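Asks: Have a look at the structure that comes next, please.
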Amino acid sequence: VIAYGAMMKGYVENKMYEKTLDLFEQLPFPLHNVGYTIIFNACAQLLNDRAKQIGKKLLNQMPKHFHNDNVIITSALDMLMKFGDIENAENIFQIMMKKDIITYGAMMKGYVENKMYEKTLDLFEQLPFPLHNVGYTIIFNACA
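First residue of the sequence shown: 72, per the numbering used here; consecutive thereafter.
Next up, the structure:
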């Protein structure tokens, strides 16, 4: 498990996203929590049909206990937003039990990337906690 995870992480860090997915498809065992984040990240960077198919299938088949892991879910939100799959990202965000500044930031960044500036500002107004520096940059980009 550790060797496969280290290899996939190394491929992603070196922008070898296709190799990451190739190795993922050869895994003889289910992914662990970090593995989901690595694969969602690789899919988000590739943005091709294969990546979209793998990413969405992985998300749909992910065990329910991982749905409470904000790191994994935030990676999935980022991936879906980069795919332009706003509806599924919003659905996941709405059912999240413990939203944090990172998950809000991922959604706002996704809205900006998809040129949905009003939704960015609407979500900003719903923030239940103070914004951090990265969040302000996202909001300024939405206003620009």
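Note that the Cβ used here is the ideal one computed from N, Cα and C, for glycine as well.
Computed from a predicted structure; not experimentally measured.
Is it right to say methionine 133 is buried, meaning 16 or more other beta carbons lie within 10 angstroms of its own, or is it exposed?
Replies: Buried, because 16 or more other Cβ atoms sit within 10 Å of the Cβ of methionine 133.
Asks: Could you tell me the distance, in whole angstroms, from the CA atom of leucine 192 to the CA atom of methionine 179?
Replies: So the alpha carbons of these two residues sit roughly 8 Å apart.
Asks: Under a three-way DSSP split, which group does aspartate 93 fall into?
Replies: Aspartate 93 falls in the helix class under three-state DSSP.
Asks: Are there 16 or more other CB atoms within 10 angstroms of the CB of methionine 168, so buried, or fewer, so exposed?
Replies: Burial call: exposed.
Asks: Any idea what DSSP makes of histidine 203, helix, strand or coil?
Replies: Reduced to three states, the DSSP call for histidine 203 is coil.
Asks: For the alpha helix (DSSP H) that lysine 190 lies in, which residues bound it at each end?
Replies: Residues 188 to 196.
Asks: Below 8 Å on the Cβ atoms is my guess for tyrosine 182 versus lysine 190; work out the distance and round it to an integer in Å.
Replies: Yes, they are in contact, since the Cβ atoms of tyrosine 182 and lysine 190 sit about 5 Å apart, within 8 Å.
Asks: Who are the near neighbours of methionine 150 in its chain, counting only those whose CB is closer than 7 Å to its CB and skipping five residues on each side?
Replies: Same-chain partners within the cutoff: Phe111, Cys114, Ala115 and Gly126.
Asks: Indicate whether threonine 208 and threonine 174 have their beta-carbon atoms separated by less than 7 Å.
Replies: Contact flag unset, no.
Asks: Measuring straight from C-alpha to C-alpha, what distance separates alanine 122 and glutamine 97?
Replies: Answer to the nearest angstrom: the Cα atoms are 15 Å apart.
Asks: Over what stretch of residues does the alpha helix (DSSP H) that includes alanine 77 continue unbroken?
Replies: Where alanine 77 is concerned, the enclosing alpha helix (DSSP H) stretches over 73 to 84.
Asks: Identify which residue in Asn119, Lys128, Lys153 and Asp140 has its Cα closest to the Cα of valine 105.
Replies: Among Asn119, Lys128, Lys153 and Asp140, the Cα nearest to that of valine 105 is on Asp140.
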